[in-house]
Amino acid sequence: MGRIYNFSAGPAMLPVEVLQEAADEMLDYRGTGMSVMEMSHRSKAFESIIQEAEADLRELMSIPDNYKVLFLQGGASQQFAAIPMNLMKNKVADYIITGQWAKKAYQEACIYGKANIIASSADKTFSYIPDCSDLPVSSDADYVYICENNTIYGTKYKKLPDTKGKTLVADVSSCFLSEPVDVTRYGVIYGGVQKNIGPAGVVIVIIREDLITEDTLPGTPTMMKYKIHADNASLYNTPPAYGIYICGKVFKWIKNLGGLEAMKVRNEKKAAILYDFLDQSKLFKGTVVKEDRSLMNVPFVTGSEELDAKFIKEAKAAGFENLKGHRTVGGMRASIYNAMPIEGVEKLVEFMKQFEAENTK
Ligand SMILES: *Cc1c(COP(=O)(O)O)cnc(C)c1O
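First residue of the sequence shown: 31, per our numbering; consecutive thereafter.
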C-alpha cells in the first residue's frame, strides 16, 4: 500500500523528502553509528542539529536578534498556562475568542489572574474573525492574546488586532511557516509543531527578550519558566531531540522551496482550488465567511448529515483520509498544510465533483 492523501488537522502530513532522509539516517546518523534517537542531547552531533534548526528558523521567519527561540515540550496546551505564569505581571490579560483553542487558553489564564474577553465570534459558531480595529483593550493588560489560525473552524486573522500598544501573544500552531510573518508585531509567537512543521512532542516559542524575566507568578514550576529555557538554549533538561531533528529537516525543505514567500504562493494556489470549487458547488458549501478563510483548514458541509457521512466514507475508500470535521462541529474539514501536495487537493476536488454528480439530481 502506498501513501494516501492525509487531510488530518494534526498530527498531519510531513514532506516525503524529509521522511525519506530521516529513514536513510535512521540507523547511522552521519557516521555517528547511532540514530538521533539514541544520542546524547549534549553531544556535538545533536548540538549542531539544534543550532542549525534554530538558525534556519531564524532565517525563514527573519527573527530579530532580540527574540529567543525555544524548543519546548508539553504541546501548545501547556503554553496556555506558561503564558500567564510568565507574562501576567499585573495579573490582567485580554483574550479574543475565535474558537476552542482560544477559549481553552482563556480558561487556563482565568486560573492565574483576571482574563477578559474583549471580542468573540461565538455568536456565529466562530465562522468569522471579529473586527479588531478598535478593541476595548484593558489599560493594565499584560498582553492581548489571539489564536491566529483557528484549526477547527477554519478562520484566520488577515490583519492583526490593534492591541493599542499592548504585547500581542499568538498561537500559530496551525499556520506556522505557512506564509511570511512580521515577528516584530508580536511579543510571543508559539505553536505545537505537529500541524505544519514536524512530529508531535515539540512546541516552538518565539519570544521577545524583555518578556523573559525572573518575575513569574508565585509557584511557577521551573520547567514552565521561559528564563530557564532561554538561559539554557532549550537544553535545561533533555529536549524532544528527535522531534527537533525532524523540524530542522522541514525548515531546510521550506528553504529549498524558496522560503515563506514561496510557501504562501503555493498555499494560496492550493486553497483556491478547493474554495473556488466550494463557491460554485451545488452540493458542498464552505462554512466560513470569505474574508476570513484559512489557507490551512477548510471546513465544508453538504447540508445533510447522512450525505456528509457517505462522503467521508467514500472518500476514505478512495484514498482521502481524515476528512471528517472536528467532533464538535461535524461536516468535513480538509487540512491542507505545507506538506500537502497540490495534486492532493486537485484529486480531492475531482473526487468531490464526481460525488456531487452522483448525489444531486
Ligand atoms: C492543535 C492545536 C492546539 C493544541 O495543541 P497540543 O500540542 O495538542 O496541545 C492548540 N492551538 C491550536 C491552534 C491548535 O491547532
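Cβ atoms here follow ideal geometry from the backbone N, Cα and C, with glycine treated the same way.
Cα-Cα separation, residue i to residue j
i, j, result
"Lys294", "Lys98", "24 Å"
"Met118", "Tyr142", "8 Å"
"Asn146", "Val122", "8 Å"
"Arg88", "Val233", "16 Å"
"Ser150", "Ala171", "17 Å"
"Ile93", "Ala152", "33 Å"
"Leu44", "His356", "21 Å"
"Lys346", "Leu337", "14 Å"
"Pro392", "Gly374", "Because the chain spans 31 through 391 in this model, residue 392 falls outside it and cannot be assessed."
"Gly288", "Met64", "32 Å"
"Val379", "Met370", "14 Å"
"Ala75", "Glu68", "11 Å"
"Lys383", "Lys343", "16 Å"
Near ligand 1: residue i beta-carbon under 7 Å from a heavy atom
i, result
"Cys277", "no"
"Ala201", "Note that residue 201 is Asp in the sequence shown here, rather than Ala. Answer for Asp201: yes, Cβ within range of ligand 1."
"Ser365", "no"
"Val99", "no"
"Lys225", "yes"
"Ala106", "yes"
"Met181", "A small correction: the amino acid at residue 181 is Thr; Met does not occupy that position in the sequence shown. Yes, the Cβ of Thr181 comes within 7 Å of a heavy atom of ligand 1."
"Ser151", "no"
"Ser204", "yes"
"Val211", "no"
"Gly394", "Since the first and last residues shown for the chain are 31 and 391, residue 394 lies out of range."
Distance CB(residue i)-CB(residue j) smaller than 8 Å
i, j, result
"Asp322", "Lys186", "yes"
"Met326", "Ser208", "yes"
"Val103", "Gly231", "Checking the sequence shown, residue 103 turns out to be Gln, not Val. Yes; because the gap between Cβ atoms is below 8 Å, this pair is in contact."
"Glu388", "Ser311", "no"
"Ala348", "Val328", "no"
"Cys140", "Val223", "no"
"Met91", "Val280", "no"
"Ile236", "Tyr220", "yes"
"Asn180", "Ile284", "no"
"Pro269", "Phe101", "yes"
"Leu313", "Thr246", "no"
"Tyr272", "Val66", "yes"
"Asp54", "Lys282", "no"
"Arg296", "Asn96", "no"
"Ile372", "Phe37", "no"
"Leu353", "Ala339", "no"
Presumed contact (8 Å Cβ cut-off) between residue i and residue j, rounded CB distance
i, j, result
"Thr317", "Gly249", "Between Gly249 and Thr317 the Cβ distance is about 41 Å, and since that is not below 8 Å, they are no contact."
"Ile182", "Thr358", "7 Å"
"Glu351", "Ile303", "The Cβ separation is near 18 Å, so there is no contact."
"Lys257", "Glu244", "6 Å"
Neighbour flag for residue i against chain B, beta carbons, 8 Å
i, result
"Phe341", "Protein chain content of the structure displayed is limited to a single chain, and chain B is not contained in it."
Any non-hydrogen atom of ligand 3 closer than 7 Å to residue i Cβ
i, result
"Gly40", "Among the ligands modelled here, namely ligand 1, ligand 3 does not occur."
Worksheet item: Contact between the segment 247–267 and the segment 204–216: three or more CB pairs below 8 Å?
Response: Fewer than three pairs of CB atoms, one per stretch, sit closer than 8 Å, so the segment 247–267 makes no contact with the segment 204–216.
Discussion item. Would you call the segment 103–118 in contact with the segment 169–177, where contact means no fewer than 3 C-beta pairs closer than 8 Å?
Written reply: Three or more beta-carbon pairs drawn from the segment 103–118 and the segment 169–177 are found closer than 8 Å, and the two stretches are therefore classed as touching.
Item to complete: Could you tell me whether the segment 191–199 touches the segment 331–349, using the rule of 3 or more Cβ pairs below 8 Å?
Response: When C-beta atoms of the segment 191–199 are compared with those of the segment 331–349, fewer than three pairs fall below 8 Å, so the two segments do not count as touching.
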